[in-house]
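Its first residue numbered 43, the sequence shown is counted upward by one per residue in the numbering used here. One structure below.
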Amino acid sequence: MKNNPPADPPQPTAASVPALSSTGSSPRPAEPTELPDAPESSFPIVGIGASAGGLAAFESFFAAMPPDHDTGMAFVLVQHLSPDHKSVLVDIVGRYARMPVEEAKDGLAVRRGCVYIIPPNRQLRLEAGKLWLSEHADDRKPRLTIDHFFQSLAQSQGEFAICIVMSGTGTDGTLGLREIKGVGGMAIVQSPGSSEYDGMPRSAIATGMADYVLAPAEMPAQLIAYARHAFDPTRIRSTSGLRNGVLKKLCLLLRGQTGHDFSQYKETTLVRRMGRRMALQQLDKPEDYLRYAREHPPELEGLFRDLLIGVTNFFRDPEAFKVLEDKVVPRLVEGKVAHEAVRVWVCACSTGEEAYSIAILLYEHMARLERPLKLQIFATDIDRQAVDQARGGVYPASISAHVSEERLARFFVHDAQRGTYRIQKHIRDLLVFSEQDVIKDPPFSRLDLVSCRNLLIYLNPDLQRKLIPLFHYALAPSGALFLGTSETLGESARLFSPVDRKWKLYFRLPGGHHDARPALPDFVPPLFESVSRSPQPSMEGSQDATNLRQVTEKALLAHYAQAAVLVNARGQMLHIVGRTGQFFEPADGDPAMNVLTMAREGLKRELTIALHKAVARKELVRYQGLNVKTNGDYSRVDLAVRPVDVSSGSVVYLVVLEQPPDRAYLGGRMPTDEEAGSRIAELERELRSKDEYLQTTLEEMETTNEELKSTNEEMQSINEELQSTNEELETSKEELQSVNEELSTVNAELQDRVADLSRANNDMNNLLAGTGVGTVFVDHHLRIARFTPAATQVMNLIPGDVGRPLAHVSLNFVGYDRMVEDITAVLDTLTPKEAEVQVKSGAWYLMRIRPYRTTENLIEGVVVTLVDISERKKAEKSMRHSEERLAIFIHQAYAGVAEIDLTGHFLFANDRLCEMLGYSREELLRRRVADLTDGDDLPLLRTMLEAFARGGPDTQITKRYVRKDGQRLQLLERVSALRDATGKPRSLLVLLLDDTED
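See below:
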């Protein structure tokens, strides 16, 4: 069974079971059809949620709504609207809707055939058929307007709730969709390809609960077709399909495809889910749906998914978790010694929210106590998809509505780009997730807490009566049981003491173990047990009367008997031939047709011995001259018991009774008186001898009987010890089964982790190999831990070098032999080192040595990376040559060359310029151009510098300079700007030529 609520909790509305009509035979097309009026309290309400890009989706949706068509539904549009602007959504939607459109108001009653739009900066909820507005509770948290309305829609309308998630960013609407599916509603999601922003649609689709994924223009036709089949009250809601075995056959199909037996679920739950699937497939008859499911296996998977929908969230029912935190968790931890495990089992964990919530409570409590206890939390479910999602520990940002900011910061990692929260590793490692069927798989044992919320209410009472003792058996003596608010202990209340009756928290009571313990591993009866059959007779008695009569008559003809009875090996009469009343009579007590109990005096002992011999030896057994008492007289009779083979290979036995002649033959004459007297004396002596023998035999039998009594007492004592040992073995067997289940669960979790580790290892190997960077991992003992293929081109490494000390490896470097010392220095100081090294082939590498840090921030060695910089070295060498040539050219040029900054300071001067001005290069670099310029030309210099500072173009001027010896020179200057990457001048290049001397 699914250890998870199957999606049909009790509804607050007066919703009836979906139509299981007895009319119609084939799926109908989705053409527009009017829905008759339904009671105002039970008509479908469609909640449509959108964020960014939702306006275009609304327009397409209502434009595609058939004209003049009464849908029988109401529509509520919930969009994230800017609080600073007045909404014009009412006017825009009104152009396309073809039905009344108005803005939602506090207390406004919802009417069918109308459209209601949420006002800006408000939360909207539905309650008792009316809309209610409220302020946003906390501006610091994300505004989950759509989730808030969808959840109220689910609570108010039940299976009459429909939600549509359209274009938008983030994950708003995902949790609300789960709530609506949980109560049996319907969900449509806009296809990501048709949405401007696909964040919300993709998040909703990822739940696997969307009934349809459509473009907005395709939604109205499908919506109307679904409503026509699901909500039409004029259809005959018949259970004839159930009487015809449709539900039973459907459960058999489900069990064949999924391996899970849903026959133990409540029939009303199965009927609702079946009716909803019929509406989705537009089928009218249960028989049609059964045929469709048989021919389309994906539909069985869809029904299975519907039955497994679990409505859950973090810290659901906060008051219940508060009681758990205050009254139960301290007692679970109390008395535990250091490093002793606190064991928890969360049945029907669904996507893991409740399991993580319990883990957080226990972790917080132990952190407050500062006690190093071990936590083991087993979370199980039969839904593989839900278990996989729980293992991932990734949840939409909308969980912030149920988790405090403190806990979000402490136990979750926020991914703002994806709009998700991931549970932190130290909490994730406390849990083991596994697929398990709580009904047929062995339970865990020695548990401190069992949480099974909102599963029992969907199971039939017989199964509930068996599960509660199962939990009692699995719990440790002081363990606790946590049930859902709608669940009770029933007849098993004597096994638990209540902690809080409202929130269904109980502590285990001692006793009741052997009385209440269920048989393991399976206590589920066969699926839909057929009509009970009366006990069948033995193999010998299974032949029909005609065959037995033929067998009997043939045997009698072979024996020439007058009276006979055909019996089985136990003496049960199968057939009677002839007059047997003088040999058999009914015995006192309950009537039984057995020859051994009905045999008359004088026949019973020999008949019993003869039948036993015939059964054991499979041969004819005879006794002659038996005196049988009949009606106060004795009749002489000969007895024969003959085995008879039947055609099936079994054996029956023919009891033949034949009366001999009244006189005995003595040579054809009667005996004389003397002969008769002699014969009498002989018989008397034989009788005395036998009497003495009988007396001796009786004495021996009494002695033997005393010995047997003593032996019997010993055997009884041994039997009691064996029974006690057997009970201990049974208990040990059950504990071993529980341990085996626990090991299987842990093994499944480890297999998943090994697979993840293998994938990560493959990714890392490919990443390291693909970068082309040589990498060597060295542990803190300076042994080689691993290396990449590129490292073998730099160092003489082979696979066998793993584990060898680095000092034993021949390095391929030229002029560098400090690698071991550098690695030791990095381990000592934790300061990275870099060096450029050359290998014997001439290639150059940049070697970086950095500490190897684990996720726990421990140093376990170093990582040596080797990046090929041969091309860079060649470029540097070429650049140096170019710079040298350029320097020679500049210094030997005929003209003076200088570089000055924008304030006129010399940055560079060639030899010619120094010669022209009479200064050395060091003297020039300490001066400004203005210091060497004639005073009359200083305005010209300032004008030029200001022009270049404003980004002016290159220029040419004639200006007079004052040499060191006071001589004036008139030079022609050609000035060009040297610019940075943005185009701004950073310095000026000046070329000076002699013009005329002053």
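Just so it is clear, CB atoms sit at the ideal spot from N, CA and C, and this is done for glycine as well. Please read all numbers here as calculations on a predicted model, not as lab measurements.
(message) DSSP has LYS1001 in a bridge; who is on the other side?
(response) The residue given as residue 1001 occupies position 959 in the sequence shown. Paired residue(s): LEU1013.
(request) Give the DSSP bridge partners of ARG550, in chain order. (result) Looking up residue 550 in the sequence shown gives position 508. Bridge pairing for ARG550: PHE538 [DSSP].
(request) Evaluate the contact criterion for the stretch 451-469 versus the stretch 427-443: three or more CB pairs, one atom per stretch, below 8 Å. (result) Counting C-beta pairs closer than 8 Å gives three or more between the stretch 451-469 and the stretch 427-443, which meets the contact rule.
(message) Can you look up ASN502 in the DSSP assignment and give me helix, strand or coil?
(response) Locating residue 502 in the sequence shown gives position 460, counting from the first residue. It is coil, neither helix nor strand.
(message) I'd like to confirm the pairing. Which residues does DSSP put opposite TYR437 in its beta bridges?
(response) Translated into positions along the sequence shown, residue 437 becomes position 395. Within the DSSP secondary-structure output, TYR437 pairs in a beta bridge with TYR463.
(request) Please work out which residues of its chain come closer than 6 Å, Cβ to Cβ, to ALA611, disregarding the five sequence neighbours upstream and downstream, and give them in chain order. (result) As a working note, residue 611 is residue 569 in the sequence shown. Spatial neighbours of ALA611 in its own chain (CB-CB distance under 6 Å, excluding positions within 5 residues in sequence) are listed in chain order as VAL657.
(request) Using a threshold of 8 Å, state whether the C-beta atoms of GLY226 and ASP189 are closer than that. (result) As a first step, residue 226 must be located in the sequence shown, where it is residue number 184. As a first step, residue 189 must be located in the sequence shown, where it is residue number 147. The answer is no: Cβ separation not under 8 Å.
(request) State whether the stretch 615-627 contacts the stretch 636-654, with contact taken as three or more CB pairs (one from each stretch) at a distance under 8 Å. (result) Yes, the stretch 615-627 touches the stretch 636-654.
(message) So within the stretch 809-886, which uninterrupted beta strand (DSSP E) runs reach at least 3 residues, ignoring any that extend past its ends?
(response) 816-821, 826-829 and 875-881, all fully within the stretch 809-886.
(message) If I follow the unbroken alpha helix (DSSP H) through HIS933, where does it start and stop?
(response) Locating residue 933 in the sequence shown gives position 891, where the first residue counts as 1. Note, HIS933: alpha helix (DSSP H), 912-933.
(message) With DSSP as the reference, identify every bridge partner of TYR665, one or two as the case may be.
(response) Numbered from 1 along the sequence shown, position 623 holds the residue referred to as residue 665. Looking at the DSSP output, TYR665 bridges to LEU681.
(message) Please report the straight-line C-alpha distance between VAL365 and GLU177, rounded to a whole angstrom.
(response) On the sequence shown, position 323 is the one that residue 365 refers to. On the sequence shown, position 135 is the one that residue 177 refers to. Cα to Cα, VAL365 sits roughly 29 Å from GLU177.
(message) Closest to ALA92 by C-alpha separation, out of ARG244, PHE948, LEU173 and ALA105, would be which residue?
(response) Counting from 1 along the sequence shown, the entry for residue 92 is found at position 50. For ALA92, the closest C-alpha among the options ARG244, PHE948, LEU173 and ALA105 is that of ARG244.
(request) Let me know if TYR961 comes out buried or exposed under the rule of 16 or more other beta-carbons within 10 Å of its beta-carbon. (result) Taking the sequence shown and counting its residues from 1, the one referred to as residue 961 is at position 919. Around the CB of TYR961, 16 or more other CB atoms lie within 10 Å, so the residue is classed as buried.
(request) State the beta-bridge partners of MET958 as determined by DSSP. (result) As a working mapping, residue 958 is identified with position 916 in the sequence shown. Its beta-bridge partners do not exist; DSSP assigns none.
(message) So the candidates are ARG621, ARG373, ALA443 and LEU350; which of them puts its Cα closest to the Cα of TYR548?
(response) The count along the sequence shown starts at 1 and reaches residue 548 at position 506. Of the candidates ARG621, ARG373, ALA443 and LEU350, the residue whose Cα lies closest to the Cα of TYR548 is ARG373.
(request) Starting from ALA269, follow the alpha helix (DSSP H) in both directions and report where the run begins and ends. (result) Working through the sequence shown from its first residue, we reach residue 269 at position 227. Where ALA269 is concerned, the enclosing alpha helix (DSSP H) stretches over 261-272.
(request) Kindly list the residues whose CB is nearer than 6 Å to the CB of PRO540, restricted to its own chain and excluding five residues on each side of it in sequence; keep chain order. (result) Sequence index remark: in the sequence shown, residue 540 carries index 498 (1-based). The answer, listed in chain order, is TYR548.
(message) On the DSSP letters alone, give me the boundaries of the beta strand (DSSP E) that HIS617 sits inside.
(response) Within the sequence shown, numbered from 1, the residue matching residue 617 stands at position 575. 615-619 is the span of the beta strand (DSSP E), which, as asked, contains HIS617.
(message) Output needed for ILE159: all residues of its chain with C-beta closer than 6 Å, excluding positions within five of it in sequence on either side, in chain order.
(response) Within the sequence shown, numbered from 1, the residue matching residue 159 stands at position 117. Around ILE159: LEU119, LEU131, VAL132 and GLU145.
(request) May I have the straight-line CA-CA distance separating LYS919 from HIS822, to the nearest angstrom? (result) Here residue 919 refers to the residue found at position 877 when the sequence shown is read from its first residue. Here residue 822 refers to the residue found at position 780 when the sequence shown is read from its first residue. Going by the C-alpha atoms only, they are around 38 Å apart.
(request) Please specify which runs of the alpha helix (DSSP H), each continuous and at least 4 residues long, are wholly inside the stretch 341-404, giving them in chain order. (result) Within the stretch 341-404, the complete alpha helix (DSSP H) runs of at least 4 residues are 360-365 and 371-375.
(message) Quick check: the Cα distance between PRO81 and PHE202, rounded to an integer number of angstroms?
(response) The sequence position of residue 81 within the sequence shown is 39, counting from 1. The sequence position of residue 202 within the sequence shown is 160, counting from 1. Below a pLDDT of 50, predicted positions are generally treated as unreliable, and PRO81, at 38, falls in that range; no measurement from the model is reported.
(request) Compare the beta carbon distance of ALA94 and GLY210 with 8 Å and say whether it is the shorter of the two. (result) What you label residue 94 is simply residue 52 of the sequence shown in a count that begins at 1. What you label residue 210 is simply residue 168 of the sequence shown in a count that begins at 1. Against a cut-off of 8 Å, the Cβ pair of GLY210 and ALA94 comes out as a contact.
(message) Using a 10 Å radius around the Cβ and a threshold of 16 neighbouring Cβ atoms, would you call SER305 buried or exposed?
(response) In the sequence shown, the residue the question calls residue 305 occupies position 263. It is buried - the Cβ of SER305 has at least 16 other Cβ atoms within 10 Å.
(request) Going by DSSP, name the residue or residues bridged to HIS122. (result) To locate residue 122, count along the sequence shown from 1; it is residue 80. HIS122 is bridged by DSSP to nothing; it lacks a bridge partner.
(message) Checking 8 Å against the spacing of the C-beta atoms, do ALA518 and ASP490 come in under that value?
(response) Within the sequence shown, numbered from 1, the residue matching residue 518 stands at position 476. Within the sequence shown, numbered from 1, the residue matching residue 490 stands at position 448. Yes, the Cβ-Cβ distance between ALA518 and ASP490 is below 8 Å.
(message) Suppose the cutoff is 8 Å on Cβ atoms and the five residues either side in sequence are ignored; what does the same chain contact list for LYS172 look like?
(response) Within the sequence shown, the letter at position 130 stands for residue 172. Answer for LYS172: GLY149, LEU150, ALA151 and VAL152, listed in chain order.
(request) May I ask you to report which of helix, strand or coil DSSP gives GLU627? (result) To locate residue 627, count along the sequence shown from 1; it is residue 585. DSSP places GLU627 in the coil class of the three-state scheme, outside both helix and strand.
(request) Compute the beta-carbon to beta-carbon distance between MET242 and ASP214, rounded to the nearest angstrom, for a pair I have assumed lies under 8 Å. (result) Taking the first residue of the sequence shown as position 1, residue 242 is located at position 200. Taking the first residue of the sequence shown as position 1, residue 214 is located at position 172. At roughly 6 Å, the Cβ-Cβ gap stays under 8 Å, so MET242 and ASP214 are in contact.
(request) Could you check which residue in ASP910, GLU925 and ASP330 has the C-alpha nearest to that of VAL815? (result) Stepping through the sequence shown from its first residue, residue 815 is reached at position 773. Measuring from the Cα of VAL815, the nearest candidate turns out to be ASP910.
(request) Helix, strand or coil for LYS1026, going by three-state DSSP, please let me know. (result) For the purposes of this step, residue 1026 is taken as the residue at position 984 of the sequence shown. Correct three-state label for LYS1026: coil.
(message) Between which two residues does the beta strand (DSSP E) holding MET228 run?
(response) Stepping through the sequence shown from its first residue, residue 228 is reached at position 186. That run of the beta strand (DSSP E) goes 228-232.
(message) Please identify the residue among GLY521, GLY532, SER487 and ASP996 whose C-alpha is closest to the C-alpha of LEU498.
(response) For the purposes of this step, residue 498 is taken as the residue at position 456 of the sequence shown. Cα-wise, what sits closest to LEU498 is GLY532.
(message) Under 8 Å, with one C-beta from each stretch per pair, do the stretch 987-995 and the stretch 1004-1014 reach the 3-pair mark?
(response) Counting Cβ pairs under 8 Å, fewer than three are found: no touch.
(request) Would you kindly report the start and end of the unbroken beta strand (DSSP E) that includes ASP490? (result) If you number the sequence shown from 1, residue 490 lands on position 448. Looking at the DSSP string, the run of the beta strand (DSSP E) that includes ASP490 is 489-494.
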